[in-house]
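For our numbering, count along the sequence shown from 1 and bump the result up by 197. Worksheet for the structure shown next.
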Amino acid sequence: MIRQRLIEKQIGASTSFRWRGIEISRIEGLSDAVFGFAITLLVVSLEVPKTFNELASAMNGFGAFAICFGLLFLVWYNQHKFFRRYGLQDTITIVLNAILLFVVLFYVYPLKFLFTFLVNRITGGHGEVRLANGNIESMLESESQMGTLMLIFGVGYLAIFLVFVLLYFHAYRRREQLELTALERFDTINSIQESGLNCVIALVSISLVWFGGYRYSSFAGMTYMLTGFAMAAHGFIMGSRRKELEKRVNTQIAETAYEPELQS
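The structure is reproduced here in C-alpha cells:
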C-alpha cells in the first residue's frame, strides 16, 4: 500500500511538525479505495486495441490521463499529509473527507473530458473524437459549451480546495487539544492560506465566465496559470515570516534552558 510505504519512509515528514497519525485509519482506507476507483474510471472507457490505428488512437489519450492522474495524486497526497499531521478522526473530519471523496468521484469524467479536449487542441487537433461506431464528432458543438465546461471545472476546483480550507481550519480550532507548537500553528495557518488562494483563483475563473460570457472562456482557463505565481509569492512571504518565528522560538528555548543553570 502506497500510504503505508510513505509512512514507513517518513516521506512528507518535517522535523518541525510532529506526526500525530501513524496508523492508517478506516477513513484513509476508504479514501484509497475511492481514489483507486476514480483512477480506474479514467481508463475504463479505453478498450484493448485490435489494430495499430486503434492503438495510436488510444495513445493519444495518454497526455490527458497523465494530467488527470497527477491532479488526483496531488489531492490524495494533500489528504495523506493532513491525516499524518493531525490524526483527526472526529465527525467533522469524516464529513469533510466524505465531501472531498464525493467531489473527486463526481468530477472524474468532466476532468478527463476537459483535458482530453485541451491536449487534442494543443497537439494540433480540432477537438474531435472518434466514437465507438467509428464516426468522428466534435467534442464541443459551440463556444458556449466551452464556457459551461470551464464553469464545471471551476466549481469542482473550488469545492476541493474549500474542503481543505475547512479541514485545516478545523485542525487549527483544535490546536489546544492537538498540542500544536507555535511553528505547527503557523504551518497550519499557512496551509489554510494556500488552499484559500486556490479558492480565490477558482472564483476569479468562474466570475470571468459567469459575468463575461463564453467569450472569456480562454481567459478563465489561463487564470489557473496564476497558481504557480501566487504560490511562489505566498511561499516567499510566509517563508520569511516562518524563519523569524523559528528564531524567536529557538531563542526562547535557549533562554529556558539557560535559566536553571543560573539558578544552580
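Every residue gets a Cβ at the ideal spot worked out from N, C-alpha and C, and that includes glycine. Keep in mind the model is a prediction, meaning the values are calculated, not measured.
Sequence-distant residues of its chain with Cβ nearer than 6 Å to residue i (five each side left out)
i	result
S222	Q286
E381	F214
L377	none
Residue range of the alpha helix (DSSP H) that includes residue i
i	result
L377	Run containing L377: none; DSSP gives neither H nor E here.
G226	R223 to V240
I219	Note, I219: premise wrong, no alpha helix (DSSP H); not H, not E.
T313	V305 to I319
Q342	E340 to R370
M419	S414 to M419
K278	F259 to Y283
Proximity below 8 Å, CB of residue i to CB of residue j
i	j	result
V352	G393	no
L302	C265	no
T313	G258	yes
S388	M347	no
R217	Y283	yes
G425	G344	no
Y365	T385	yes
L442	A379	yes
Cut-off 7 Å between Cβ atoms - residues of its own chain near residue i, not counting five sequence neighbours on either side
i	result
T420	I398, V401, S402 and L405
H431	Q390, E391 and L394
S228	Q276, N294 and L298
N317	G324
V305	A235, L238 and L239
I296	V360
Close Cβ partners of residue i (< 8 Å) along its chain, the five nearest in sequence each way excluded
i	result
A451	none
Quiz item: Can we say the segment 429-446 touches the segment 361-376, given the rule of at least three CB pairs closer than 8 Å?
Solution: no
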